[in-house]
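Notes to accompany the following structure.
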Amino acid sequence: MPLTGKERRHLRALGHHLEPVVIVGSSGVTEGVIAAVEQALNDHELIKVKINEGPEGRHEGADSIAEATGSELAQLLGRTALFFKRRKQQSRFEDILKGPHEPRPAPKQDEEKKPRRR
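Per this note's numbering, residue 2 is the first one in the sequence shown, and the count goes up by one each step.
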């Protein structure tokens, strides 16, 4: 299920302080890199991956990692990609991804507005 814009924005805010846990080297996206990303996603759910210069570009590398691991690409900023994959059990992000949040209650219209103090 793809992330909505609000979910993606919130994940970007949560991932701002994170350091890259996996670094893609000059060999590009290999099976070892994918295994490392999958393990990190299972452990943390939200990770950063640094994609260095390689045989494929950063966009192609990020897309291939997301496709191979079944994760969502929350952000690609420069050579750093932020990936998210929710755990089926004991997810830290349950409250974020539950669905639409409750709307704020509308202000009561029958009450008179009080004059503002200056």
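Think of the CB as a built atom: it goes at the ideal place given N, C-alpha and C, for glycine as much as any other residue. Predicted model, so just to flag it, every value in this text is computed and none were measured.
Please go through the same chain and pick out, in chain order, the residues whose beta-carbon is closer than 8 angstroms to the beta-carbon of residue i, but skip the five residues on each side of it.
| i | result |
| --- | --- |
| H60 | L77 |
| S65 | V30 and E57 |
I'd like the span of the alpha helix (DSSP H) that includes residue i, first residue to last.
| i | result |
| --- | --- |
| E61 | R59 to T70 |
| L42 | E32 to H45 |
| E8 | G6 to G16 |
May I have the straight-line CA-CA distance separating residue i from residue j, to the nearest angstrom?
| i | j | result |
| --- | --- | --- |
| T70 | R9 | 18 angstroms |
| V23 | E39 | 10 angstroms |
| L42 | L83 | 11 angstroms |
| I1 | P21 | Outside the shown range of the chain (2 to 119) lies residue 1, about which nothing can therefore be said. |
| L19 | D44 | 14 angstroms |
| A67 | T31 | 13 angstroms |
| T5 | L15 | 15 angstroms |
| R13 | L74 | 10 angstroms |
| H17 | A37 | 21 angstroms |
| N53 | K115 | 60 angstroms |
Only counting the same chain, and skipping five residues up and downstream in sequence, which positions put a Cβ closer than 7 angstroms to that of residue i?
| i | result |
| --- | --- |
| F94 | E46 and R87 |
If we count the other Cβ atoms within 10 Å of its Cβ and call it buried at 16 or more, is residue i buried or exposed?
| i | result |
| --- | --- |
| G62 | buried |
| S92 | exposed |
| S27 | exposed |
Taking the beta strand (DSSP E) that residue i belongs to, which residues open and close that run?
| i | result |
| --- | --- |
| F85 | T81 to F85 |
| Q76 | E73 to L78 |
| P21 | P21 to V25 |
Please work out which residues of its chain come closer than 6 angstroms, Cβ to Cβ, to residue i, disregarding the five sequence neighbours upstream and downstream, and give them in chain order.
| i | result |
| --- | --- |
| G29 | G55, P56 and E57 |
| K49 | L19, P21, T81 and L83 |
| R119 | none |
Is any beta-carbon of chain C found at less than 7 angstroms from that of residue i?
| i | result |
| --- | --- |
| P56 | Structure shown: chain C not included; a single protein chain is present. |
Just confirm the distance between the C-beta atoms of residue i and residue j, as a whole number of angstroms; I'd bet it's less than 8 angstroms.
| i | j | result |
| --- | --- | --- |
| V25 | K7 | Going by Cβ atoms, the distance from V25 to K7 rounds to 29 angstroms, so no, they are not a contact pair. |
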